[in-house]
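The sequence shown begins at 1 in UniProt numbering and counts up by one.
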Amino acid sequence: MITQKSFDEKNQAGKLYLVPTPIGNLGDMTFRAVNVMKQVALIAAEDTRNTQKLLNHFDIKTKQISFHEHNTAQRIPELLAKLKAGFSIAQVSDAGMPSISDPGHELVVACIQNNISVVPLPGANAGITALIASGVTPQPFYFYGFLSRKPKEQRAELAQLKNRPEALIFYEAPHRLLKTLKNLQTVLGGSRSAALCRELTKKHEEFIRGSLDRLAGWAAETPIRGEFVIIVSGNDQPMVQTATADPMAGLSLTQQVDRYIQAGLAVNDAIKKVAKAHQLRKQVVYNEYHHLN
Numbered sequence: 001m002i003t004q005k006s007f008d009e010k011n012q013a014g015k016l017y018l019v020p021t022p023i024g025n026l027g028d029m030t031f032r033a034v035n036v037m038k039q040v041a042l043i044a045a046e047d048t049r050n051t052q053k054l055l056n057h058f059d060i061k062t063k064q065i066s067f068h069e070h071n072t073a074q075r076i077p078e079l080l081a082k083l084k085a086g087f088s089i090a091q092v093s094d095a096g097m098p099s100i101s102d103p104g105h106e107l108v109v110a111c112i113q114n115n116i117s118v119v120p121l122p123g124a125n126a127g128i129t130a131l132i133a134s135g136v137t138p139q140p141f142y143f144y145g146f147l148s149r150k151p152k153e154q155r156a157e158l159a160q161l162k163n164r165p166e167a168l169i170f171y172e173a174p175h176r177l178l179k180t181l182k183n184l185q186t187v188l189g190g191s192r193s194a195a196l197c198r199e200l201t202k203k204h205e206e207f208i209r210g211s212l213d214r215l216a217g218w219a220a221e222t223p224i225r226g227e228f229v230i231i232v233s234g235n236d237q238p239m240v241q242t243a244t245a246d247p248m249a250g251l252s253l254t255q256q257v258d259r260y261i262q263a264g265l266a267v268n269d270a271i272k273k274v275a276k277a278h279q280l281r282k283q284v285v286y287n288e289y290h291h292l293n
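Written out as structure tokens, the structure reads:
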């Protein structure tokens with residue numbers, strides 16, 4: 001058991017602040033978030049060029065360092081050293097909450113393991129923002145984020161979600177929206193009520209509500225622009241499925257990757273699949289498989 005008192009003065013280490021950033025409208029930045037970013041010694045940003053625009057808008061002069069999924073293994077020891085030396089760090093993603101479909105989780109775990117306080121700030125999140133305006137019953141809900149880009153794997157993921165009674169939350173890019181809607185339509189059923197939530201908090205914010213059949217038809221006939229959150233109603237008549245033994249039960253992450261490779265997947269695809277199954281960042285499984293921890 002690990003207990004954290006976020007503002008314990010006896011802990012001389014710095015603090016890791018998880019700072020949400022606006023998902024579109026800069027007016028959604030909180031006073032506290034701005035103050036924290038001004039006061040910390042360093043900002044760990046997913047894309048320093050993108051974050052610099054935010055810093056310029058709020059006249060924040062704090063130095064940045066890049067921290068994204070491709071340099072996690074290198075950066076975490078550097079950031080831990082600064083935190084242990086008493087310097088506080090704000091971690092931000094390009095938009096919304098760190099760790100939610102964005103980098104951050106591995107650094108959080110490393111800080112917890114090293115008795116460094118992790119302090120989350122409340123703020124913008126695209127999934128919840130979309131859910132409450134979707135018209136779909138919001139509770140309970142199941143946040144999934146991005147589905148696999150490969151059609152076969154995406155359909156397999158949706159098959160696992162088909163009987164869930166909760167509202168489902170997905171993120172999708174404009175160029176993949178139609179294909180994803182068609183898979184949703186095929187696997188979940190075209191009569192499911194849903195909402196497409198586009199460009200949230202921005203000037204061209206838009207909600208398209210209806211059945212999956214109607215939404216797929218709309219997407220087939222409309223030029224698609226902007227980032228989307230897809231909200232799909234839960235299954236109110238789930239089929240009872242016979243429990244089957246999980247072939248991955250009891251296997252380590254490395255063994256699971258090897259099992260998928262034996263089944264014909266490429267190494268990187270196998271790593272992605274295992275990471276998705278355990279809701280881990282791909283880098284975590286990659287490091288484990290290649291013995292980089």
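Glycine included, each C-beta is placed from N, C-alpha and C at the ideal position.
Check, Outcome
"Beta-carbon within less than 8 angstroms of K82's beta-carbon, same chain only, minus the 5 sequence neighbours each way: which residues are those?", "G14, A41, L42 and I89"
"Do T201 and G24 have their C-beta atoms within less than 8 angstroms of each other?", "yes"
"Mind listing, in chain order, the continuous beta strand (DSSP E) runs of no fewer than 3 residues lying wholly within the stretch 148-235?", "167-172, 193-198, 206-211 and 228-232"
"Take residue 317 and list the residues in its own chain whose beta-carbon comes closer than 6 angstroms to its own, dropping the five residues that flank it on each side.", "In the structure displayed, the chain extends from 1 to 293; residue 317 sits before or after that span and is not available."
"How about T48 and V92: are their beta carbons less than 8 angstroms apart?", "no"
"Take A243 and list the residues in its own chain whose beta-carbon comes closer than 6 angstroms to its own, dropping the five residues that flank it on each side.", "Because A243 sits at a pLDDT of 48, beneath the cut-off of 50, its placement in the model cannot be relied upon, and the point is left open."
"If you compare alpha carbons, which of N183, T137, P174 and R176 is closest to L158?", "N183"
"Give me whichever residues DSSP pairs with Q64 in a beta bridge.", "I43"
"Only counting the same chain, and skipping five residues up and downstream in sequence, which positions put a Cβ closer than 6 angstroms to that of residue 316?", "Nothing can be reported for residue 316, as the shown portion of the chain is limited to 1 through 293."
"By DSSP, does G27 sit in helix, in strand, or in coil?", "helix"
"Run through the DSSP bridge pairs and tell me what T21 is partnered with.", "G96"
"Please return the same chain residues whose Cβ sits closer than 7 angstroms to the Cβ of H105, not counting the five positions on each side in sequence.", "S99 and R281"
"Out of L131, F146 and T72, point me to the one whose CA is closest to C197's CA.", "L131"
"Does the Cβ-Cβ distance between H68 and E46 come in under 8 angstroms?", "yes"
"If the criterion is Cβ atoms closer than 8 angstroms, does the pair T254 and Y289 meet it?", "yes"
"Kindly indicate which residue of M1, E206 and M29 has the alpha-carbon position closest to the one of L55.", "M29"
"Suppose contacts are defined by Cβ-Cβ distances below 8 angstroms. Is L121 in contact with P238 by that definition?", "no"
"Note down the Cα distance separating I2 from I112, rounded to an integer number of angstroms.", "8 angstroms"
"If you drop the 5 nearest sequence neighbours on each side, which residues of the same chain put their C-beta closer than 8 angstroms to that of S211?", "G190, S191, R192, S193 and A194"
"Would you tell me roughly how many angstroms separate the C-alpha atoms of I208 and L80, rounded to the nearest one?", "44 angstroms"
"Cutting at 7 angstroms between CB atoms, please list the residues of its own chain near V187, excluding the five before and the five after it.", "R155, L158, A159 and K162"
"Count the other CB atoms, across all protein chains shown, that sit within 10 Å of the CB of E172; report buried if there are 16 or more and exposed otherwise.", "buried"
"Please go through the same chain and pick out, in chain order, the residues whose beta-carbon is closer than 6 angstroms to the beta-carbon of Q283, but skip the five residues on each side of it.", "E69 and T72"
"Does the Cβ of K152 have 16 or more other Cβ atoms within 10 Å, making it buried, or fewer, making it exposed?", "exposed"
"In angstroms with no decimal places, state the Cα-to-Cα distance between Q185 and T222.", "17 angstroms"
"List the endpoints of the continuous beta strand (DSSP E) containing P120.", "V118 to P120"
"Secondary structure at I76, three-state DSSP: helix, strand or coil?", "helix"
"Could you pull the start and end residues of the beta strand (DSSP E) that G86 belongs to?", "Neither: G86 is in no beta strand (DSSP E) and is coded neither H nor E."
"If you draw a straight line from the C-alpha of residue 301 to the C-alpha of T62, how long is it?", "Lying outside 1 to 293, the shown extent of the chain, residue 301 is not represented and no answer is given."
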